[in-house]
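FYI, the numbering for the sequence shown is 5 to 521, going by my numbering. The structure appears below as structure tokens.
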Amino acid sequence: MSDPSEQKILILDFGSQYTQLIARRVREASVYSEIVDTMIPAVEIAAQNVAGIILSGGPASVHEEDAPGCDPAIFDLGIPILGICYGLQWATSHLGGTVKRSGSREYGQATLTVKKPDNPLFAEVPETSKVWMSHADEVVEAAPGFEVVASSDSVPFAAVCNPERRIWGVQFHPEVVHTPHGTQIIHNFARTICGCPGDWTAARFVEIATRKVRETVGADQVILGLSGGVDSSVAAALIHRAIGDQLHCVYVDNGVMRHKESDQLREIFAKHLKMNIQMVDAGKAFLDRLAGVSEPEQKRKIIGSYFVEVFREAAASVPNARFLAQGTTYPDVIESSGIGKHADNIKSHHNVGGLPAELGFDELVEPLRMLFKDEVRAIGEELGLPREMVWRQPFPGPGLAVRILGEVTPDRVALLQKADYIVLEEMKSANWYYKVWQSFAVLLPVQTVGVMGDCRTYENAVALRVVQSNDGMTADWVQLPHELLGRISTRIINEVRGINRVVYDITSKPPGTIEWE
Ligand code: XMP
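Here it is, written out as structure tokens:
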């Protein structure tokens, strides 16, 4: 969905853990941004509508033999450039300044003093402010033509500028929240220095994206696998806005969905949005295949491969379906593109979406592929999807199967569905549901002794898992109010026959994972 005519700021990624944050901050200034490989040729940049270039930070040192760099001709394009941390160091050493090698690291907040308050990069930034430093090497002599714009106590060249060539560099990280005026600095670069009008809004995105979907699809039919998650739901709503009944959604009930999930989706998409949606109830067939299986990876494989089979069959009933639509988002694209190869450790996790290639479609429609999650949500709201759809918590593809430890049987699914629904209701009514990343119950493969009334019980235990996270890669357990924990526990034990014990999981990730499997 990227369009060469779209005005944008390019971010050349030297592997900083903050590169995606830079892109998000630029977009928060209502300017479209894209992350690209550092070796993009300058001619390729010149061929696009690029209003500015940001060189990201990164873990390397310019003194290393294979230190990453970029096409030096970018400095002659006449496009404003901002180097951040390693980006500044690389630009400085390339343009004739000196970068001192350092074995130690400066890490943490520092006080920045602006020396040239009329420099446009620091408009509306106080003369002194806190900034976040995270670097080893440091500029000790600016390149010819550069002047010092701001300094900190220990870093004289904290911000430099070559006004004539329109190149800026900062040693600190304006993109992180620990630099309170960083958003303003990025806004100044994108809007004032690069002259972008700031017209990158949800409404405009919807207008452009629907037009592109119509152009791509023409008169053909499109199939989309609706999971009930935010990404596939927003993609469906957007594509439906573009092509109406040419979109055919397939929803597969795999027998391990949450209580009322299928009804809710039918209500929103079929009744309310009037979309074509084929609801395949394959619950029994999935559960038959899961019978006797306790090993988590095997459960995942069974669900994954049977899903493909069921989906294929459903899709085959739609004549002339040439396109498969997916809710792929920008972090998925970045992860699988190999951009970020300069990063120290390449992360991988199973939240990267996408149906396998064996589904047999020639062409994909992925209207969200350049968007971050918060932007996907903004588009969902723009399209009028209900709040509970747009802001719902992530839910794993293999559903409750990864939250039922041991064998997945129809009875155990029913038990967990009931307990899970109570957690959901209580979290919502206490206004905690939207404040946390995930909150759910896990059915354990143990039975424990209890007393109910005058009777001894020997029933199942559930664990309650409530975590806070930004992206699922790391997570903290949430200190829920004790009254709420107590209410959830009492309700589950009173209302779900077969569960007599509730425990709270106080493990963060790492070392734990979010799902128990
Ligand atoms: P873990 O358990 O690895 O989970 O800490 C991290 C995040 O990923 C979600 N998750 C999945 N999402 N398909 C998905 O789309 C899956 O198979 C899957 N497994 C785990 C999990 O809920 C958490 O948010």
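C-beta atoms are modelled at their ideal positions from N, C-alpha and C, and glycine is treated no differently.
Proximity of the beta carbon of threonine 517 to the ligand XMP is indicated: a heavy atom of the ligand is located closer than 7 Å. In this structure, valine 406 has its beta carbon less than 7 Å from a heavy atom of the ligand XMP. Taking all protein chains in view, the Cβ of lysine 278 is surrounded by fewer than 16 other Cβ atoms within 10 Å, so the residue is classified as exposed. Unbroken beta strand (DSSP E) runs of no fewer than 3 residues, entirely contained in the stretch 238-302, are found at 251-257 and 280-285, following chain order. Inter-segment contact for the stretch 452-459 and the stretch 289-305 is absent: fewer than three beta-carbon pairs are separated by less than 8 Å. Glutamate 339 is positioned such that its CB atom lies no closer than 8 Å to that of arginine 31. With distances taken between CA atoms, alanine 71 lies nearest to Ala347 out of Gly173, Ala347, Glu168 and His191. In this chain, the beta strand (DSSP E) harbouring glutamine 113 covers 110-118.
Lysine 12 counts as buried, since no fewer than 16 other beta carbons sit within 10 angstroms of its beta carbon. For lysine 305, the Cβ stays outside the 7 Å cut-off from all heavy atoms of the ligand XMP. At a threshold of 7 Å, glycine 476 counts as near the ligand XMP, since its beta carbon sits closer than that to one of the ligand's heavy atoms. In the displayed model, alanine 50 falls within a helix according to three-state DSSP. According to the DSSP secondary-structure assignment, tryptophan 520 is paired through a beta bridge with no residue.
Relative to valine 143, the option among Arg495, Glu128, Lys120 and Gln175 whose CA is nearest is Gln175. If the five residues before and after alanine 163 are omitted, its C-beta is found closer than 6 Å to the C-beta atoms of Val153, Ala154 and Val174, all from its own chain and listed in chain order. DSSP places tryptophan 94 in the helix class (H, G or I) of the three-state scheme. Contact annotation: the stretch 193-200 touches the stretch 109-125, with at least three C-beta pairs closer than 8 Å. One Cα belongs to serine 65, the other to proline 400, and the distance between them is close to 39 Å. Just so you know, the alpha carbons of proline 167 and glutamate 386 end up roughly 40 Å apart. If you check the C-beta of proline 402 against the ligand XMP, you find a heavy atom less than 7 Å away. By the Cβ criterion, the stretch 29-49 is in contact with the stretch 71-84, since at least three pairs of Cβ atoms, one from each stretch, lie closer than 8 Å. Taking a cut-off of 8 Å for Cβ pairs, the stretch 244-258 and the stretch 271-290 touch, as three or more such pairs fall below it. In the DSSP assignment, glutamine 472 forms a beta bridge with Asp480. Closer than 7 Å to some heavy atom of the ligand XMP: that does not describe the Cβ of proline 449.
Taking the C-beta atoms as reference points, tryptophan 395 is found nearer than 8 Å to tyrosine 438. Counting C-beta atoms within 10 angstroms of its own C-beta, tyrosine 111 has fewer than 16 neighbours from the protein chains shown and is therefore classed as exposed.
Around the CB of methionine 477, fewer than 16 other CB atoms lie within 10 Å, so the residue is classed as exposed. Relative to the Cα of arginine 501, the nearest Cα in the group Pro514, Pro515 and Lys422 belongs to Lys422.
Nearest to aspartate 235 by C-alpha distance, out of Ser20, Gln52, Leu389 and Trp172, is Leu389. Within 10 angstroms of the beta-carbon of threonine 494 lie fewer than 16 other beta-carbons, which makes it exposed. Valine 453 has Tyr462 as its beta-bridge partners, per DSSP. The Cβ-Cβ distance between valine 466 and valine 482 does not fall below 8 Å. Note that the C-beta distance between isoleucine 189 and valine 226 is not below 8 Å. Glutamine 421 has its CB no nearer than 7 Å to any heavy atom of the ligand XMP. For proline 398, the Cβ falls inside the 7 Å cut-off from some heavy atom of the ligand XMP. Bounds of the beta strand (DSSP E) holding arginine 326 are 325-329.
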